[in-house]
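A.B. asks:
Protein chains: 2
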Amino acid sequence: MAVTIRDVAAASGVHVSTVSRAFSAPHLVNPETRTRVLAVAEDLGYRPNRAARALTTGRTQNIGLIVADIANPFFPPLIKAAQAQARLRDYHVFVADTDEDPQVEEDLIQTLSKQVDGVLLCSPRLTNRTIERLSKEVPFVVVNRRVKGMPTVLMDAGRGARLAVEHLIGLGHRRIALVTGPSGSWTSKEMQEAAAAMAEVDVVFLGPNPPTERGGLAAATDVIASGVTGVLAYNDLVAIGVIEGLVERGVSVPGHVSVIGVDDIVSGQLSRPKLTTIAMPTAAAGRIAVDMLLQSVDSGATTGVTMLETSLIVRESTGRAHT
Amino acid sequence: MAVTIRDVAAASGVHVSTVSRAFSAPHLVNPETRTRVLAVAEDLGYRPNRAARALTTGRTQNIGLIVADIANPFFPPLIKAAQAQARLRDYHVFVADTDEDPQVEEDLIQTLSKQVDGVLLCSPRLTNRTIERLSKEVPFVVVNRRVKGMPTVLMDAGRGARLAVEHLIGLGHRRIALVTGPSGSWTSKEMQEAAAAMAEVDVVFLGPNPPTERGGLAAATDVIASGVTGVLAYNDLVAIGVIEGLVERGVSVPGHVSVIGVDDIVSGQLSRPKLTTIAMPTAAAGRIAVDMLLQSVDSGATTGVTMLETSLIVRESTGRAHT
DNA sequence: TCGGATGCAGCAACCGGTTGCAGGAAGTAT
DNA sequence: ATACTTCCTGCAACCGGTTGCTGCATCCGA
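One line per chain: the protein sequences are A and B, in this order.
Reading the first sequence from the start, the letters are residues -17 to 305 in this note's numbering.
Reading the second sequence from the start, the letters are residues -17 to 305 in this note's numbering.
Below, the structure is given as structure tokens:
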């Protein structure tokens, strides 16, 4: 039913191998022949069958993109960028959601590994050991987590935390809280280390907390109890929750307490007060991760670690410390 | 390198066809033989090659999911649900983003059509003619748009609009505005018709507007000028924009004006005041659309139109009309 | 004029499964 | 004992491309 390479060959009076080469090895075929073949192919509406090509070449032209939770607003910009970049390179992307379950994550990698040329692993929940083991089956690029010897794209959360704390210091805050994320989170750890190293300021750590609005809401009482005037939250959702909790208890933001989030998700721009935040270059991360992955697929060369810069976006949730 | 069906055959002393049948036609092979083969396969870590299978069966076990904009918060829950449902049925899903460009959308369908068994088209921007033409190349299910003779999943925006208006009426509002969306939007049209048919209330139409926060922000001046006490917005982003615009101009929400959104995206739950909204069952839509698609792929039977119910979620952005 | 290089196209095996057909063994009815 | 099923397995062609090898022209330099 569908038009195959043999139809094209017959219609243009050449052998199938010539048609094949007209597409995938142009320099091996006479220019005249080639244009004729291409014209006929166009005419017949021929589209090469990727499954067939995959079978012989071993290359599917597909990549897998595995995230913990598609609906987490942190990921969609990354997915979007990765998909667009892949399309540019004539690759398609399978998107899969692990629902934060490491077992699902592993299964997904297993079943996907046979039908993709590589996998992008975003904020994986698996252990490093497991990731290293699985990396023997299919090339990986890991995003948002450091795994030894594996190509990685990171966003500089440590620097982000420093920027945030410096911003607070500049506003006169001398005692601040870091509302941390899940215990296994690389980002959270980076932020803690960076914050702890800052002079001129006392920092208390509140956590671990689930990386959600509820998590922030629950942490608000601790924030009040700790007597800080500034808060850096694990991410924007947590920050919004903290603000909500503070306001509920009569603590105004940024009047009494300043709050900074991380990620720069849209919700932060839309909530009241508009959230001061550390912007994560998620779109760039998606793009670059795809490039790194395809590079390692094409050339076999295993690339290194890319660290992307973060930046502070000052909006309305931070202000001068009251003295 | 990878273990193939022939390796399994050799290792278990049977012919490849028996191994093949052990997997895909169990009733045709002796139970003993089958268990032995499966054991050997398990042992060797055999995974069937989907590209090879696709080549002979013509079925890829993949589906395509095409949305206008992955980063639009309306879509991720739908994508997530669709992906999970597909996985349940042992299908994988390609997610693709058209960037709101009809041409990209068409290209995407073309290139995808050869490597998927069906395509989910969400809020397509293509003309009905084009969709009908393309539907000859690959089975479709259309979400959020009515296309004649095509399996479709719709969310009852008309009923949602009625619920919203009734809610406003119940709160004493007698003159309301409908801040409409893009001119081509099916949802927007449904809402307009439903609202226009309501008695007991004057409704003015403000639009069309881009379906974004900016769109709502810009519409706020018209809202004020129109002298209404209640607003139903095309979606939550627009509603948030309207609220922002109103508040900037000293009109309090819900004190002076009540505002209702549509979609129930997270941002609406996090913004201040929390948004009263019409919840769209996007996750259900994704799940059901996948089921309909796979059904029409499996049985060839082309299913009909599914209409999903919407519901009103009352939060803080609506209140009694001031008299 | 001849040997050798070069360019182009055809041949056929192959990738890893699936499936219609054939055939042997065992079971059943006659 | 014979004929006919039924059950299971093997054989081999096939899906739609790719690619190493061969072979034929043509062109080149000597």
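For each residue, glycine too, the CB sits at the ideal point set by N, CA and C.
Keep in mind it's a predicted model, so treat the numbers as computed, not measured.
Any chance the segment 213 to 224 of chain B sits against the segment 191 to 204 of chain B, with 3 or more Cβ pairs inside 8 Å?
C.D. replies: yes
A.B. asks: Can you grab the Cα-Cα spacing for the pair residue 41 of chain B / residue 115 of chain A, in whole Å?
C.D. replies: 31 Å
A.B. asks: For the structure I just gave you, are there three or more beta carbon pairs, one from the segment 171 to 186 of chain A and one from the segment 132 to 151 of chain A, closer than 8 Å?
C.D. replies: yes
A.B. asks: Find the residues of chain A that neighbour residue 254 of chain B, judging by a C-beta separation of less than 8 Å, and give them in chain order.
C.D. replies: 253 and 254
A.B. asks: Report yes if the CB atom of residue 162 of chain A is closer than 9 Å to the CB atom of residue 190 of chain A, and no otherwise.
C.D. replies: A contact, by the Cβ cut-off of 9 Å.
A.B. asks: Are there 16 or more other CB atoms within 10 angstroms of the CB of residue 172 of chain B, so buried, or fewer, so exposed?
C.D. replies: By the neighbour-count definition (other C-beta atoms within 10 Å, threshold 16), residue 172 of chain B is a buried residue.
A.B. asks: Can you confirm whether residue 61 of chain A, when its beta carbon is compared against all beta carbons of chain B, has any partner nearer than 9 Å?
C.D. replies: Taking Cβ atoms only, chain B reaches closer than 9 Å to residue 61 of chain A, which makes this a yes.
A.B. asks: Considering only residues of the same chain and omitting the five flanking positions on each side of residue 47 of chain B, which have a CB-CB separation below 8 Å?
C.D. replies: Excluding positions up to five away in sequence, the list reads 61, 64, 65, 75, 76, 77, 78, 101, 102 and 104.
A.B. asks: Who are the neighbours of residue 29 of chain A on chain B, taking C-beta pairs under 9 Å?
C.D. replies: 92, 93, 95 and 96
A.B. asks: How would you list, in chain order, the residues of chain A whose beta-carbon sits under 9 Å from the beta-carbon of residue 37 of chain B?
C.D. replies: 31, 33, 34, 36 and 37
A.B. asks: Counting C-beta neighbours from all protein chains within 10 Å, is the total for residue 146 of chain B 16 or more, i.e. buried, or is it exposed?
C.D. replies: buried
A.B. asks: Name the DSSP bridge partner or partners of residue 184 of chain A?
C.D. replies: By DSSP's assignment, residue 184 of chain A forms a beta bridge with A:157.
A.B. asks: Beta-carbon within less than 7 Å of residue 312 of chain A's beta-carbon, same chain only, minus the 5 sequence neighbours each way: which residues are those?
C.D. replies: A question about residue 312 of chain A goes unanswered here, because the residues of chain A that appear run from -17 up to 305.
A.B. asks: Within its chain, find whatever has a CB closer than 7 Å to the CB of residue 204 of chain A; leave out the 5 residues flanking it on each side and keep chain order.
C.D. replies: 188
A.B. asks: For residue 98 of chain B, which of B:39, B:296, B:113 and B:55 has the nearest alpha-carbon?
C.D. replies: B:39
A.B. asks: When DSSP labels each residue in this structure, what does residue 74 of chain B get in the three-state scheme?
C.D. replies: strand
A.B. asks: Take the Cβ of residue 67 of chain B as the centre, count every other Cβ of all protein chains shown within 10 Å, and call the residue buried at 16 or more, exposed below.
C.D. replies: buried
A.B. asks: Would you mind reading off the limits of the beta strand (DSSP E) that contains residue 289 of chain A?
C.D. replies: 287 to 290
A.B. asks: Would you kindly work out how many angstroms separate the C-alpha atoms of residue 136 of chain A and residue 262 of chain A, rounded to a whole number?
C.D. replies: Looking at the two C-alpha atoms, the distance is approximately 10 Å.
A.B. asks: Are the beta-carbon atoms of residue 286 of chain B and residue 133 of chain B separated by less than 9 Å?
C.D. replies: yes
A.B. asks: Verify the CB distance criterion: does residue 234 of chain A have a CB-CB separation below 9 Å to chain B?
C.D. replies: no
A.B. asks: Can you give the Cα-Cα distance for residue 20 of chain A and residue 276 of chain A, rounded to whole angstroms?
C.D. replies: 28 Å
A.B. asks: Since residue 206 of chain B contacts residue 233 of chain B with CB under 8 Å, what's their CB separation in whole angstroms?
C.D. replies: 6 Å
A.B. asks: If you measure beta-carbon to beta-carbon, which residues of the segment 69 to 82 of chain A are closer than 9 Å to chain B?
C.D. replies: 69, 72, 74, 75, 76, 77, 78, 79 and 81
A.B. asks: In this structure, what does DSSP give as the bridge partners for residue 295 of chain B?
C.D. replies: B:259
A.B. asks: Using a 10 Å radius around the Cβ and a threshold of 16 neighbouring Cβ atoms, would you call residue 227 of chain B buried or exposed?
C.D. replies: buried
A.B. asks: Run through the DSSP bridge pairs and tell me what residue 102 of chain B is partnered with.
C.D. replies: Answer is B:47 and B:123.
A.B. asks: Counting only beta-carbon atoms, is residue -13 of chain B nearer than 9 Å to chain A?
C.D. replies: no
A.B. asks: Leaving out five residues on either side along the sequence, give the residues of the same chain with a beta carbon under 6 Å from the beta carbon of residue 108 of chain A.
C.D. replies: Cβ neighbours of residue 108 of chain A beyond the five flanking positions: 84 and 87.
A.B. asks: Can you list, in chain order, the residues of its chain with a C-beta nearer than 8 Å to that of residue 230 of chain B? Leave out the 5 residues immediately preceding and following it.
C.D. replies: The answer, listed in chain order, is 202.
A.B. asks: Please report the distance separating the alpha-carbon of residue 181 of chain A from that of residue 247 of chain B.
C.D. replies: Near 41 Å, if we compare the C-alpha coordinates of residue 247 of chain B and residue 181 of chain A.
A.B. asks: Report all residues from its chain with a CB closer than 6 Å to the CB of residue 95 of chain A; omit the five preceding and five following residues, and keep chain order.
C.D. replies: So the qualifying residues of the chain are 119 and 120.
A.B. asks: Starting from residue 245 of chain A and walking both ways along the beta strand (DSSP E), at which residues does that stretch end?
C.D. replies: 240 to 245
A.B. asks: Got a sec: which bits of the segment 182 to 196 of chain A sit with their beta carbon under 9 Å from any beta carbon on chain B, in order along the chain?
C.D. replies: 195
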